[in-house]
Amino acid sequence: MAGTVAGPMLGGVLLEWTGYTLAWFVPMGMLFIDILCRLLIIDPRPSSSPSPSPVEPEVPEMPREPHERIGEEGTRDPQTTESSPLLASQHKNGQTEENGRVKFYSTMLRDPRILASLATSVLSSAIVAGFNATWTVHLRRVFNWGPAQVGGVIFVYQIPLIFVNPLAGYIRDRVGVRYPAAVGWALVAPLVWCLGIPGSHLPWVSLHIDEKAMFVGSAIAIGVVQPLFQDGGLLNTLEVLQSVESDSPGIFGVYGGRSRVLAMSEIAFNLGLLLGPLVTGSLSDIVGFYYASLVLEP
């Protein structure tokens, strides 16, 4: 989170003061340092010389009955006869795994709580991606701000996320995910509308409004309420998974469905990152930033 907050501001300042080349070499240098640190990490390796296993005393073999058959490892299988199929267990295991995969997606995607959670993930990521895609062009066009000023706006927008996230997590642990998310969405809708007013030149907008202060204040307020719903979709999908698995233990296999639920939430989040800039950027060029911000309202 700290890198997300400081990155746009530092990048904008370097781009305006030193040019594109130095602003590009700074993240490349950080990437090189990251690779170097990863190479210096010591991985625990298993011992090359395995410990000798204790010698077990030999047990004399008992006489076998005629109906018993010796397996490949020399063990007796009294339940196996000449007419038993050899590949029955393998076929059964493969069929069980395939049915488990189909059952997981058919069960989860038919649950309206999962669909609402995925929609929340798409909308929350689309709002953030739409802001990042349109703010630079809009602020330059309306206020003639350069990269440093735009980076400062993004900085003050993301700073509240660091301090409000722990409080939002505490509230969710006390009252659940639903009510904080509902309050967050209800508050962010008018704030996004206020964000689009500066530079809209609407006839009912007063000329005495400080549009710069209004834009920056709306951005800060959005950063304050955003943690209330930002991770609500992911947390709700995990709660639904836990509820389903507690009602039907082992329904999604031995290892459960946590990884598949996380993959579904990640797909929804990335879908929002794709649709946010695509929709808001196109609408901002066609009808203006004000109406594009109305589309971002939940």
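Residue numbers (the UniProt record's numbering): 1 to 298.
No residue lacks a Cβ here, since even glycine has one placed at the ideal position from N, Cα and C.
Just so you know, these numbers come straight off a predicted model, no measurement behind them.
How many angstroms separate the CA atom of His138 from the CA atom of Phe155? 17 Å
Go through the segment 180-264 residue by residue and report every complete run of the alpha helix (DSSP H) that reaches 4 residues or more, in order. 211-225 and 232-247
Count Cβ pairs between the segment 185-200 and the segment 235-243 that sit closer than 8 Å; are there 3 or more? As far as the Cβ criterion goes, the segment 185-200 does not touch the segment 235-243, which means the pair count is below three.
Three-state secondary structure assigned by DSSP to Gly151: helix
Assign Arg110 to one of three DSSP states: helix, strand, or coil. coil
With a threshold of 16 other CB atoms inside 10 Å of the CB of Pro32, please say whether the residue is buried or exposed. The sequence shown places Phe at residue 32, not Pro. Exposed, since its Cβ has fewer than 16 Cβ neighbours within 10 Å.
To the nearest whole angstrom, what separates the beta carbons of Gln226 and Gly288, a pair I think is in contact under 8 Å? Actually they are not in contact, since the Cβ atoms of Gln226 and Gly288 sit about 24 Å apart, beyond 8 Å.
Within 10 angstroms of its Cβ, does Tyr290 collect 16 or more other Cβ (buried), or is it exposed? buried
With DSSP run on the structure shown, which of helix, strand or coil describes Ile171? The DSSP-derived three-state label of Ile171 is helix.
Residue from Ile222, Tyr157 and Ser121 with nearest C-alpha to Gly272: Ser121
Based on Cα-Cα distance, which residue from Val150, Gly130 and Phe229 lies nearest to Ser117? Phe229
Which term fits Gly110, buried or exposed, when burial requires 16 or more other beta carbons within 10 angstroms of its beta carbon? Reading off the sequence, residue 110 comes out as Arg, not Gly. By the neighbour-count rule (16 or more Cβ atoms within 10 Å), Arg110 is not buried but exposed.
Taking the alpha helix (DSSP H) that Val287 falls in, what are its first and last residues? Note, Val287: premise wrong, no alpha helix (DSSP H); not H, not E.
Helix, strand or coil for Gly176 per DSSP? Gly176 falls in the coil class under three-state DSSP.
Distance, Glu266 Cα to Lys103 Cα: 20 Å
Answer with buried or exposed for Pro147, where buried requires no fewer than 16 other C-beta atoms within 10 angstroms of its C-beta. buried
Any idea if Ile209 is buried or exposed, counting beta-carbon neighbours within 10 angstroms, 16 or more meaning buried? exposed
Report, in whole angstroms, the separation of the C-beta atoms of Leu296 and Gly130, which I expect to be a contact under 8 Å. About 5 Å separates the two Cβ atoms, so the contact holds.
Among Phe25, Ala133 and Val150, which has the Cα closest to the Cα of Arg140? Val150
Any idea what DSSP makes of Glu297, helix, strand or coil? coil
Excluding five sequence neighbours on each side, which residues of the same chain lie with their C-beta closer than 6 Å to the C-beta of Ala88? A caution first: Ala88 carries a pLDDT of 47, below 50, which makes its placement in the model unreliable, though a value can still be read off. Cβ within range, chain order: n/a, list empty.
Taking the C-alpha atoms as reference points, what is the distance between Val279 and Ile159? 26 Å
How many angstroms separate the CA atom of Ile251 from the CA atom of Glu245? 6 Å
For a quick check, are the C-beta atoms of Ala189 and Gly232 less than 7 Å apart? The answer is no: Cβ separation not under 7 Å.
Look at the alpha carbon of residue 300 and the alpha carbon of Gly199, and state the distance between them as a whole number of angstroms. Examination of residue 300 is not possible in this model, given that the chain is present from 1 through 298 alone.
Rounded C-beta distance between Gly256 and Leu161? I'm assuming under 8 Å. Going by Cβ atoms, the distance from Gly256 to Leu161 rounds to 31 Å, so no, they are not a contact pair.
My assumption, with CB atoms under 8 Å, is that Val205 sits in contact with Ile114. Please give the rounded CB distance. Not confirmed; about 41 Å, so no contact.
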